[in-house]
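Numbering (this note's numbering), first residue to last: 1 to 108.
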């Protein structure tokens with residue numbers, strides 16, 4: 001019997017359904033007709049403004065696209081699935097997004 005050496009296939013990340021920040025910057029630059037450096041400044045500023053306001057609890061509404069809002073989940077009882085021990089899950093803040101009408105129509 002002959003042993004066949006096998007090497008595992010290299011792990012690759014699926015990028016087909018993803019838009020990275022650098023790709024967004026490139027698309028903004030091409031769409032508006034500005035340099036990538038200028039587009040990066042604009043995208044970074046927009047993300048900073050959105051993040052700051054959401055963190056303060058301000059609802060950020062981008063008409064047609066959607067709304068970002070900070071929500072707080074209540075503390076609740078839970079069970080650790082490994083030990084079956086009862087635990088208290090603390091309250092936490094999370095960002096929610098609700099799609100706007102234009103985005104909903106675009107999605108289908």
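Beta carbons are placed, not taken as given, at the ideal position from N, Cα and C, and that holds for glycine.
Exposed unless 16 or more other CB atoms sit within 10 angstroms - verdict on residue 3:
Bear in mind that a pLDDT of 45 at residue 3, under 50, signals an unreliable position, so the number given afterwards is only what the model happens to contain. Exposed, by the Cβ-count rule.
State the start and end residues of the unbroken beta strand (DSSP E) segment that holds residue 106.
Judged by DSSP secondary structure, residue 106 falls outside any beta strand (DSSP E) and instead within the alpha helix (DSSP H) spanning 101 to 107.
Any idea if residue 39 is buried or exposed, counting beta-carbon neighbours within 10 angstroms, 16 or more meaning buried?
With 16 or more Cβ atoms within 10 Å of its Cβ, residue 39 is classed as buried.
May I ask you to report which of helix, strand or coil DSSP gives residue 62?
Strand, per DSSP.
Measure the beta-carbon distance from residue 96 to residue 76 and round it to whole angstroms, keeping in mind my assumption that it falls under 8 Å.
In this structure, residue 96 and residue 76 do not form a Cβ contact; the two beta carbons are roughly 18 Å apart against a cut-off of 8 Å.
Residue 25 burial status per 10 Å Cβ neighbour count (16 or more: buried):
The residue in question, residue 25, is buried, as its Cβ has 16 or more Cβ neighbours within 10 Å.
Proximal residues to residue 54 (C-beta, below 7 Å), its chain only, five neighbours per side dropped:
Same-chain partners within the cutoff: 60, 68, 70 and 95.
Using a Cβ-Cβ distance under 8 Å, would residue 86 count as near chain D?
Considering every chain present, this structure includes no chain D. It has just one protein chain.
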